[in-house]
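Inspection log for the structure reproduced underneath, given as structure tokens.
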Amino acid sequence: MELLMSGLPDKDASTGLTEIACLVRRTIAGDSTAFEQIISRYERRVLNLSIRLLGTPDDAQDASQEVFLRAFKYIHRLDVQKPIEPWLVRMTINVCRDLRRTRQRRWNTFSEITESNTQPSGDCGNPYTGLAGEQRRQILRNILDTLPERQRTVIILRDVEGLSTSEVAATLRLPEGTVRSDICRARLKMKHAIDQIMGGQS
Amino acid sequence: MKCAYPPEVLAGYMTGELSISSSDNVKRHLMECPACQEFLATLEENGSILRSFRQETASELAVAAAHRGAMSRIEGLQSKFGWTTIERFLFLGLRSPGYAVAGVLLLAALSVSLLGAIQQSGPVSPRAAATFEGNDTLLLPVGYREWVFVGSSIGLNYSTNPAAADRRGPQRFHNVYIDPVAYKHYERTHEFPEGTVMMLEIASAELKAEPGLQGSYEKEFVALEASVKDSRRFKGGWAYFGFSDGAGKLKPKAQPFADSAGCLSCHQDHAETDHVFTQFYPVLRAARS
Numbered sequence: 000m001e002l003l004m005s006g007l008p009d010k011d012a013s014t015g016l017t018e019i020a021c022l023v024r025r026t027i028a029g030d031s032t033a034f035e036q037i038i039s040r041y042e043r044r045v046l047n048l049s050i051r052l053l054g055t056p057d058d059a060q061d062a063s064q065e066v067f068l069r070a071f072k073y074i075h076r077l078d079v080q081k082p083i084e085p086w087l088v089r090m091t092i093n094v095c096r097d098l099r100r101t102r103q104r105r106w107n108t109f110s111e112i113t114e115s116n117t118q119p120s121g122d123c124g125n126p127y128t129g130l131a132g133e134q135r136r137q138i139l140r141n142i143l144d145t146l147p148e149r150q151r152t153v154i155i156l157r158d159v160e161g162l163s164t165s166e167v168a169a170t171l172r173l174p175e176g177t178v179r180s181d182i183c184r185a186r187l188k189m190k191h192a193i194d195q196i197m198g199g200q201s
Numbered sequence: 000m001k002c003a004y005p006p007e008v009l010a011g012y013m014t015g016e017l018s019i020s021s022s023d024n025v026k027r028h029l030m031e032c033p034a035c036q037e038f039l040a041t042l043e044e045n046g047s048i049l050r051s052f053r054q055e056t057a058s059e060l061a062v063a064a065a066h067r068g069a070m071s072r073i074e075g076l077q078s079k080f081g082w083t084t085i086e087r088f089l090f091l092g093l094r095s096p097g098y099a100v101a102g103v104l105l106l107a108a109l110s111v112s113l114l115g116a117i118q119q120s121g122p123v124s125p126r127a128a129a130t131f132e133g134n135d136t137l138l139l140p141v142g143y144r145e146w147v148f149v150g151s152s153i154g155l156n157y158s159t160n161p162a163a164a165d166r167r168g169p170q171r172f173h174n175v176y177i178d179p180v181a182y183k184h185y186e187r188t189h190e191f192p193e194g195t196v197m198m199l200e201i202a203s204a205e206l207k208a209e210p211g212l213q214g215s216y217e218k219e220f221v222a223l224e225a226s227v228k229d230s231r232r233f234k235g236g237w238a239y240f241g242f243s244d245g246a247g248k249l250k251p252k253a254q255p256f257a258d259s260a261g262c263l264s265c266h267q268d269h270a271e272t273d274h275v276f277t278q279f280y281p282v283l284r285a286a287r288s
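Chains as they are written, first to last, in numbering that gives the first Met the number 0: chain A, 0 to 201; chain B, 0 to 288.
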């Protein structure tokens, strides 16, 4: 099975699973260093997803701390036969949704990310350099932020993070058909909005 | 240039959301429809931009800060014994019968004690603010200066013979404290609960001792008294205690003043709320407003 890890070396999924199961058991037994190892493995994943879901690095910090705090509290509910990552991803989505609701930031999801708080990836393959490209990126960020909650989450997992449709469905515990139609609808909405803005300018 | 081909099918075609047969249909249609080719190209451009957002990741500094923050919050959580601990205990029970039995017993014990606490709403024994030795010997309450400061008065008394009172010398400051649990209860219910302890710290007053200095101020502590509400121990509901040994020192414990001292009757007759002179303390009046 293809795991959701985008950044974790998961050459051998079953080895990873037993290792995590061991860390989980040690955590439950009261060994907080074991939980720290879990944090170290998944903190980038959780923090990056939080940045994408919330748009502001400060909020993402709060969210990621809250996610691990909740994970620690409820670690005993985790079925160690199953991978921990979808569980953490789900928790991240819920925490970010709650944070977003309380903070009511409906605009500029990504706009607060500046070069100073994000790392350049060293990848120069982005074809949308230059003003028009940057403008389009900005518009897309804004439109993404105005999508309905579920469509937004689905698009961030599917198109931004690059999970497969079945992985998104499993993570969100939604039928694949629902995820598929959310993906299509959201893509069309974004295209429609961009066409309107870009078309109106030219 | 418009085409009637369903756009959601194109949006799904892009990343293989369609079945093989639908996918083949789209492929065939695309070959002969420039409008749909253009439509798809725009969708793909957007997809490529969205993918590029993936490159925006948290800095190592931010990761380290999040790590530290999470660990310190977890350590804070570990020091508390809360519902999570109980839940975890019970939850683990589902996997191990030994734990389950212990968990159920723990829950039963908790419910019994909780029920007991709820049922004890009648007169209860005094709480920690007042500690008695034997039936009525009150141990000197400690830490009362950290209680709620009720207020201060100067030379307040209901003496029937003011001239005799004057002969006692300059008037004294009375500083009154109430134990915080009783205060909270009073704030909530406007009644003093069983076990209420109030401390009266008496200080001598100095009057205009220096040229140019007006008014009076507290000079030395001269006495310490306590009043305790405990209707199981004391006939009148309240009892009054003096901790001064007469030689300027405090006694570690005290017996209640005899009825002949007149404390109880005076408080009974003149105090506004259940033997407490709330009429002289705006703090107590504010607490119930």
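We put the beta carbon where it would ideally sit given N, CA and C, even for glycine.
{"Item": "Taking its Cβ as the centre, do 16 or more other Cβ atoms sit within 10 Å of Met-30(B), making it buried, or is it exposed?", "Value": "exposed"}
{"Item": "Distance, Cα to Cα, Arg-295(B) vs Val-79(A)?", "Value": "A query on residue 295(B) cannot be resolved here, the shown segment of chain B reaching from 0 to 288 and no further."}
{"Item": "Is it right to say Arg-336(B) is buried, meaning 16 or more other beta carbons lie within 10 angstroms of its own, or is it exposed?", "Value": "This structure does not reach residue 336(B), given that chain B is present from 0 up to 288, and the question cannot be answered."}
{"Item": "State the Cα-Cα distance for the pair Val-123(B) and Glu-200(B), rounded to the nearest angstrom.", "Value": "Only weak support exists for where Val-123(B) lies, its pLDDT of 42 falling under 50; the value from the coordinates is given anyway. When rounded, the distance between both Cα atoms is 27 Å."}
{"Item": "List the residues of chain A that Ala-10(B) touches, going by C-beta distances under 9 Å, in chain order.", "Value": "Ile-182, Cys-183, Arg-184, Ala-185, Arg-186, Leu-187, Lys-190"}
{"Item": "Chain A beta carbons: is any one of them nearer than 8 Å to that of Asn-134(B)?", "Value": "no"}
{"Item": "Unbroken beta strand (DSSP E) runs of length 3 or more, entirely within the region 137 to 172 of chain A: which are they?", "Value": "none"}
{"Item": "With a threshold of 8 Å between beta carbons, is Ala-246(B) in contact with chain A?", "Value": "no"}
{"Item": "Measuring alpha carbon to alpha carbon, tell me which of Ser-47(B), Tyr-176(B), Lys-250(B), Glu-44(B) ends up nearest Thr-297(B).", "Value": "The displayed coordinates of chain B run from 0 to 288. Any statement about residue 297(B) would go beyond what the structure contains."}
{"Item": "Under a CB-based cut-off of 8 Å, is Glu-190(B) close to chain A?", "Value": "no"}
{"Item": "Can you confirm whether the region 14 to 32 of chain B touches the region 16 to 28 of chain A when touching is taken to mean that 3 or more C-beta pairs between the two stretches lie within less than 8 Å?", "Value": "no"}
{"Item": "Going along the region 58 to 76 of chain B in order, which residues come within less than 8 Å of chain A, judged by CB to CB distance?", "Value": "Ser-58, Glu-59, Ala-61, Val-62, Ala-64, Ala-65, His-66, Gly-68, Ala-69, Met-70, Arg-72, Ile-73, Glu-74, Leu-76"}
{"Item": "Taking C-alpha atoms, which residue in Ser-264(B), Lys-218(B), Tyr-216(B), Ala-238(B) lies nearest to Ser-226(B)?", "Value": "Ala-238(B)"}
{"Item": "By the DSSP assignment, the alpha helix (DSSP H) with His-266(B) in it spans what residues?", "Value": "262 to 269"}
{"Item": "List, in order along the chain, the chain A residues whose C-beta lies closer than 7 Å to that of Pro-33(B)?", "Value": "Those within 7 Å of Pro-33(B) in chain A number zero; the least Cβ separation is about 17 Å."}
{"Item": "Taking all protein chains shown into account, decide if Asp-194(A) is buried (16 or more other Cβ within 10 angstroms of its Cβ) or exposed.", "Value": "exposed"}
{"Item": "Provide the residue span of the alpha helix (DSSP H) that contains Trp-86(A), from first to last.", "Value": "83 to 102"}
{"Item": "Could you run through the region 42 to 58 of chain B and flag, in chain order, every residue whose CB is less than 9 Å away from some CB of chain A?", "Value": "Leu-42, Glu-44, Asn-45, Gly-46, Ser-47, Ile-48, Leu-49, Arg-50, Ser-51, Phe-52, Arg-53, Gln-54, Glu-55, Thr-56, Ala-57, Ser-58"}
{"Item": "Can you tell me which of the three DSSP states Leu-52(A) falls into?", "Value": "helix"}
{"Item": "Rounded to whole angstroms, what is the Cα-Cα separation between Arg-172(A) and Gln-77(B)?", "Value": "31 Å"}
{"Item": "Decide if Gln-60(A) is buried, meaning its Cβ has at least 16 other Cβ atoms within 10 Å, or exposed.", "Value": "buried"}
{"Item": "Determine the contact status of Tyr-216(B) and Glu-205(B), defining contact as a CB-CB distance below 8 Å.", "Value": "yes"}
{"Item": "Across the region 134 to 151 of chain B and the region 266 to 273 of chain B, are there enough close Cβ pairs to call them in contact, namely three or more that are closer than 8 Å?", "Value": "no"}
{"Item": "Pick helix, strand or coil for Ser-110(A), following the three-state DSSP scheme.", "Value": "Low local confidence applies: a pLDDT of 45 at Ser-110(A) is under 50, so the model's placement there is unreliable, with the coordinate-based value given in what follows. The answer is coil: DSSP assigns Ser-110(A) none of H, G, I, E or B."}
{"Item": "Between which two residues does the beta strand (DSSP E) holding Phe-220(B) run?", "Value": "215 to 228"}
{"Item": "Between the alpha carbons of Ile-92(A) and Arg-231(B), how many angstroms are there, rounded?", "Value": "58 Å"}
{"Item": "Among Phe-233(B), Glu-190(B), Cys-262(B), Gly-236(B), which residue has its Cα nearest to the Cα of Glu-224(B)?", "Value": "Cys-262(B)"}
{"Item": "What's the C-alpha gap between Arg-136(A) and Ser-49(A)?", "Value": "19 Å"}
{"Item": "How many angstroms separate the CA atom of Leu-98(A) from the CA atom of Asp-58(A)?", "Value": "8 Å"}
{"Item": "Taking C-alpha atoms, which residue in Glu-160(A), Pro-174(A), Arg-184(A), Glu-42(A) lies nearest to Ser-47(B)?", "Value": "Glu-160(A)"}
{"Item": "Around the C-beta of Tyr-360(B), are 16 or more other C-beta atoms found within 10 angstroms, so that it is buried, or is it exposed?", "Value": "Lying outside 0 to 288, the shown extent of chain B, residue 360(B) is not represented and no answer is given."}
{"Item": "Output yes or no for whether 8 Å exceeds the beta carbon distance between Leu-162(A) and Pro-82(A).", "Value": "no"}
{"Item": "Closest to His-184(B) by C-alpha separation, out of Ser-21(B), Arg-287(B), Cys-2(B), would be which residue?", "Value": "Arg-287(B)"}
{"Item": "If you count every other CB in all the chains shown that lies within 10 Å of the CB of Ser-63(A), and 16 or more means buried, which is it?", "Value": "buried"}
{"Item": "Tell me which same chain residues have a C-beta within less than 7 Å of the C-beta of Phe-191(B), skipping the five on either side of it?", "Value": "Ala-181, Tyr-185, Lys-228, Asp-273, Val-275"}
{"Item": "Buried or exposed, going by whether 16 or more other CB atoms sit within 10 Å of the CB of Ala-285(B)?", "Value": "exposed"}
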